[in-house]
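Protein chains in written order, with full-length UniProt numbering: chain Y, 1 to 265; chain X, 1 to 265; chain G, 1 to 265; chain W, 1 to 265. Built from N, CA and C at the ideal position, the CB exists for glycine as well. Report on the structure given below.
Now the structure itself:
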């Protein structure tokens with residue numbers, strides 16, 4: 001690809017070439033997951049701590065992920081309170097998984113939307129305990145600002161509710177977060193991406209990365225979709241760097257309307 | 001790229017590997033245009049007949065386009081009536097340019113939207129005269145149906161008005177055309193694409209190709225944007241073939257919410 | 001209501017106080033329809049010629065409509081070609097119903113979208129035969145322009161497909177028609193209105209009237225919805241005349257942010 | 001109007017007939033404001049405490065509002081922290097204005113969006129101190145839930161940022177709040193309403209009331225717009241009670257397509 005060689009994603013001092021992070025849930029088989037990860041060229045792979053066999057005594061998801069190639073990002077999926085999320089992060093660290101944590105605190109009301117108050121509380125505790133915290137959050141820039149002030153390593157707002165595949169419901173709000181965070185930490189659009197065009201759009205708005213799970217794992221052909229998403233993230237990033245045209249209310253001819261045959265450009 | 005080797009675009013019996021068609025207007029220089037065409041990997045390049053030096057006696061746009069590499073598609077940009085468009089197509093053919101024509105009939109009211117009645121009339125005449133006609137048209141599927149019945153070689157509905165970069169204003173209408181045409185001739189989304197995500201979306205809806213001019217030529221870095229658009233078309237096509245997830249009103253966890261630590265997938 | 005007394009709708013020389021036209025299909029009973037018409041305060045009531053008992057020998061829809069109070073507008077619902085529509089209009093006139101006709105030419109493809117070519121052809125014939133023609137049309141302003149040039153008495157673009165209740169899918173296109181027609185003949189938004197807010201919005205955009213059928217007849221409480229629609233049309237019209245604020249990308253405080261307690265306005 | 005006589009809005013035990021609340025900022029003159037209030041038929045009028053001459057020694061906004069007719073709702077506009085908002089509410093109560101308070105806590109970042117954390121903190125304190133608290137809040141249902149649990153008397157989510165007139169940017173989120181609150185306290189859509197159709201739509205979604213300031217005060221004709229907004233709120237409420245048709249993807253004829261002339265309904 002033609003992206004500049006120094007166009008890297010840096011999170012808490014670590015650099016990555018890929019701007020596509022992927023999840024590991026919902027695949028039909030571990031083998032399918034492994035093949036999709038491979039094709040995606042992702043470097044960061046998020047894993048629900050609840051789903052990992054921490055003692056590794058029997059077959060585990062982790063056996064299918066080459067940890068020399070992928071950076072494992074444990075997440076607190078399934079935690080409904082700050083206390084549960086903190087406990088889960090500690091457990092993962094104690095088991096040697098990582099001191100990075102993708103923080104998710106989601107009440108049980110069926111919307112799968114993150115609870116801003118519990119998320120802030122957990123983030124504060126975890127940062128104080130030395131974790132590198134990557135919080136899944138709403139698209140409210142004032143919540144994002146507080147997460148930033150606490151010392152989180154990324155801001156990860158949703159595009160739309162988890163698993164809906166509805167794309168970016170509020171470009172305004174995402175843009176507000178991107179403008180606010182402005183190069184201090186990466187913004188990663190997490191949740192709701194349903195198609196390659198959604199991933200490209202997130203990047204075009206200036207997001208630093210996207211995280212995708214369901215849209216790949218539940219596509220009709222997950223491995224082919226992993227490939228499509230890889231291309232889409234590259235396309236969106238390239239488009240962002242190339243500087244898109246402004247949207248205009250008024251039509252503009254691409255060929256001069258006053259031109260005559262034989263006239264130059 | 002990993003698209004199947006037999007995933008080709010066929011128009012009037014000719015096959016193409018690329019699903020990105022590009023225009024030649026609005027570049028700062030011919031050299032910039034040439035470089036953008038190169039990076040885009042487009043095979044079909046559309047040229048306003050009015051802008052071509054048909055007698056080739058002095059420097060012309062065509063000198064900058066390698067005709068062994070690109071297929072030149074003359075267009076009737078600047079024509080406001082069926083009669084003008086027919087005359088322009090004949091002129092291009094007589095000058096040896098091509099018997100293919102991208103038909104554009106656009107009144108002078110500033111909206112740059114195609115006139116369905118004049119377009120139908122011109123299409124009918126041109127098909128009868130043996131032209132391969134690729135008409136720029138509205139997103140009205142009933143107009144598309146008539147163009148199809150006349151024997152046009154593609155249907156080229158707009159996404160939004162020319163040069164506005166507003167993307168696909170009506171996915172419903174485009175889908176209706178795509179469903180209607182259903183593999184009889186290619187559908188090419190023409191006009192209004194502003195960013196890579198728009199190009200990807202058009203392909204995801206099932207369009208067979210897209211045509212882009214302003215969004216590349218007027219980007220801050222046209223050559224880089226040509227690259228982004230190439231990737232976006234590939235991403236969108238791959239996504240279409242991979243089968244995206246359905247959009248859902250209800251959130252769906254990507255990790256099982258009932259799982260316990262240690263549990264398998 | 002406080003609308004200016006001279007705020008009247010004029011079509012082909014006839015004036016009306018109400019800007020809400022209503023249809024007569026889909027009610028559970030004729031009695032319910034009669035009550036809804038009454039509450040709506042509509043003056044123009046459209047009736048499918050196919051559904052009218054033209055010889056009046058047995059119970060007919062028309063027996064339930066007080067023709068001294070309502071102006072009956074026959075429509076050509078169910079006609080798929082210009083020829084059928086012309087024949088139906090002639091039949092209605094011959095039976096003494098009216099020389100006004102709401103022209104609908106809709107192919108049988110299930111979309112219920114008007115065919116622009118057949119509509120133009122029928123409109124031309126009917127205007128030449130002395131009919132007052134109110135054509136149901138797409139939201140394509142170039143088709144609207146031709147209908148205007150033919151001599152139609154109104155332009156009646158759709159908001160969204162008939163019966164879908166999806167409101168105004170393209171405010172841009174409606175505005176383009178409204179700007180074009182600009183006081184020459186009334187613009188009536190017909191089809192797709194699902195809720196009072198849709199009716200208000202159509203009026204705010206500058207439409208001269210709206211025509212509603214399904215959204216009233218199939219509401220849970222049709223008579224109450226007729227009342228709601230009446231209010232909504234008044235609200236939208238009043239809002240249009242009062243001149244709404246511009247939409248702004250930037251927030252603007254409604255209370256001065258620099259003010260001190262005790263400071264004046 | 002024909003709304004049922006018992007269709008009343010009840011907040012903290014007080015009942016109101018009108019579901020339109022209005023603000024008092026941004027009018028050209030106090031006289032214009034008074035006339036607009038009159039025409040709006042609002043009963044609840046919100047006033048920035050900062051703008052009120054609390055000692056009443058000189059001419060004040062309050063001199064123009066008939067307090068036997070209107071219920072004055074002091075607001076904390078201009079407060080950027082919980083502490084400031086609490087202080088302002090106490091000041092208003094001490095001055096005899098009211099123990100009701102419309103709580104607004106808005107940071108100085110120019111977006112005019114409410115800070116969820118400061119708002120929650122201020123709400124908690126004020127409820128504990130015996131205030132009737134009506135908080136302006138985001139459209140995040142999890143924040144709304146906490147405000148409800150604290151004991152707030154209403155939930156007042158925004159439609160779009162204050163003064164933008166962009167209407168209801170997220171119907172999904174508003175609906176989620178309305179479903180959650182479900183008759184426990186009223187939901188009042190506050191901020192962003194730009195036109196009568198926006199007000200009607202808020203009511204159709206099931207909001208119990210709307211609060212409007214800029215869209216009336218800065219309309220070209222504020223008094224006429226107050227009238228339009230009154231009608232729109234009535235229309236939307238009536239439409240909500242009447243039960244709108246479902247939106248459908250598929251077109252549905254309003255006249256039977258199989259009918260023959262003469263056939264009954």
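(request) Report buried or exposed for residue 5(G), applying the criterion of at least 16 other Cβ atoms within 10 angstroms of its Cβ. (result) Exposed is the call here.
(request) Mind listing the chain X neighbours of residue 170(G)? Cutoff is C-beta to C-beta under 8 Å, in chain order. (result) 169, 170
(message) Quick check: what's the CA-CA separation for residue 221(Y) versus residue 206(X)?
(response) 16 Å
(request) Would you kindly check if the distance between the Cβ of residue 235(X) and the Cβ of residue 244(Y) is under 8 Å? (result) No, the pair does not count as a contact, with Cβ atoms beyond the cut-off.
(request) Report the neighbours of residue 74(G) on chain W: residues whose CB is nearer than 7 Å to its CB, in chain order. (result) Under the 7 Å cutoff, chain W gives no residues; its nearest Cβ is about 11 Å from residue 74(G).
(message) Between 86(Y), 112(Y), 160(Y), 138(Y), which has its C-alpha nearest residue 124(Y)'s C-alpha?
(response) 86(Y)
(message) Strictly by DSSP, which residues pair up with residue 185(G)?
(response) Residue pairing for residue 185(G): DSSP places it in no beta bridge.
(request) Can you tell me which of the three DSSP states residue 230(G) falls into? (result) Helix.
(message) I believe residue 116(Y) touches residue 143(W) by the beta-carbon criterion, under 8 Å. Please report the beta-carbon distance rounded to the nearest angstrom.
(response) 7 Å
(request) Please list, in chain order, all residues of the same chain as residue 167(X) whose beta carbon is under 8 Å from its beta carbon, the five residues on each side excluded. (result) 159, 160, 192, 193, 194, 195, 197, 198, 201
(request) Check residue 136(X) in the structure and name its three-state DSSP category. (result) Residue state, collapsed to three classes: strand.
(message) Report the CB separation of residue 17(W) from residue 43(W) in whole angstroms; it is logged as a contact under 8 Å.
(response) Sure, about 7 Å apart at Cβ, within 8 Å.
(request) Just the chain W side, please: which residues come within less than 8 Å of residue 125(Y) by C-beta, in chain order? (result) Ordered by position in chain W, no residue passes the 8 Å Cβ test against residue 125(Y), which lies about 16 Å from the chain.
(request) Give the straight-line distance between the Cα atoms of residue 242(Y) and residue 164(X), rounded to the nearest whole angstrom. (result) 18 Å
(message) Using 8 Å for Cβ pairs, my map puts residue 79(X) next to residue 47(X). What's the rounded Cβ distance?
(response) Residue 79(X) to residue 47(X), Cβ: 14 Å. No contact.
(request) Would you verify that the beta carbon of residue 110(X) is, or is not, closer than 8 Å to some beta carbon of chain Y? (result) yes
(request) At 7 Å on the CB atoms, spell out the chain X contacts of residue 197(Y), in chain order. (result) Per Cβ cutoff of 7 Å: 197, 200, 201, 204, 236.
(message) Let's test the definition: count the other Cβ atoms within 10 Å of the Cβ of residue 246(X) and tell me whether it reaches 16, buried, or not, exposed.
(response) exposed
(request) Leaving aside the five residues before and after residue 139(G) along the sequence, list all residues of the same chain whose C-beta is less than 7 Å from its C-beta, in chain order. (result) The answer, listed in chain order, is 157, 158, 170, 173, 174, 177.
(request) Using alpha carbons as the reference points, say which of 209(G), 74(G), 110(G) lies closest to residue 183(G). (result) Each of 209(G), 74(G), 110(G) was checked against the Cα of residue 183(G), and the nearest Cα belongs to 209(G).
(message) Output needed for residue 112(W): all residues of its chain with C-beta closer than 6 Å, excluding positions within five of it in sequence on either side, in chain order.
(response) 106, 161, 162
(request) To the nearest angstrom, report how far apart residue 14(Y) and residue 95(Y) are at their CA atoms. (result) 22 Å
(request) Could you work out which residue in 36(Y), 91(Y), 50(Y) is closest to residue 64(Y) when comparing CA atoms only? (result) 36(Y)
(request) Could you name the residues of chain Y that residue 246(X) contacts, counting a contact when the two beta carbons are closer than 8 Å? (result) 165
(request) Excluding the 5 residues preceding and the 5 following residue 11(G) in the sequence, name in chain order all residues of the same chain whose CB lies nearer than 7 Å to its CB. (result) 153, 154, 186
(message) If distances are taken between C-alpha atoms only, which option among 254(W), 150(W), 223(W) comes closest to residue 38(W)?
(response) Closest in C-alpha terms to residue 38(W), from the list 254(W), 150(W), 223(W), comes 223(W).
(request) Along the beta strand (DSSP E) that carries residue 74(G), what are the first and last residues, could you check? (result) For residue 74(G), the enclosing beta strand (DSSP E) stretches over residues 71-75.
(request) Check whether the Cβ atoms of residue 45(X) and residue 72(X) sit closer than 8 Å, and answer yes or no. (result) yes
(request) Identify which residue in 109(W), 69(W), 7(W) has its Cα closest to the Cα of residue 251(G). (result) 109(W)
(request) Name, please, each residue of chain G whose Cβ falls closer than 7 Å to the Cβ of residue 224(W). (result) Neighbours of residue 224(W) in chain G, taken as residues whose beta carbon is under 7 Å from its own, are 238, 241, 242 in chain order.
(request) Could you confirm whether any beta carbon from chain W is found closer than 8 Å to the beta carbon of residue 23(G)? (result) By this cut-off, residue 23(G) is an interface position.
(request) Pick helix, strand or coil for residue 105(Y), following the three-state DSSP scheme. (result) coil
(request) Compute the distance between the beta-carbons of residue 216(X) and residue 225(X), then report whether it is under 8 Å. (result) If you check the CB distance, residue 216(X) and residue 225(X) come in under 8 Å.
(message) As a quick exercise: from 253(W), 240(W), 254(W), pick the residue whose alpha carbon is nearest that of residue 7(W).
(response) 240(W)
(message) Between which two residues does the alpha helix (DSSP H) holding residue 144(G) run?
(response) 141-150
(message) Do residue 254(G) and residue 230(W) have their beta-carbon atoms positioned less than 8 Å apart in this structure?
(response) No, the Cβ-Cβ distance between residue 230(W) and residue 254(G) is not below 8 Å.
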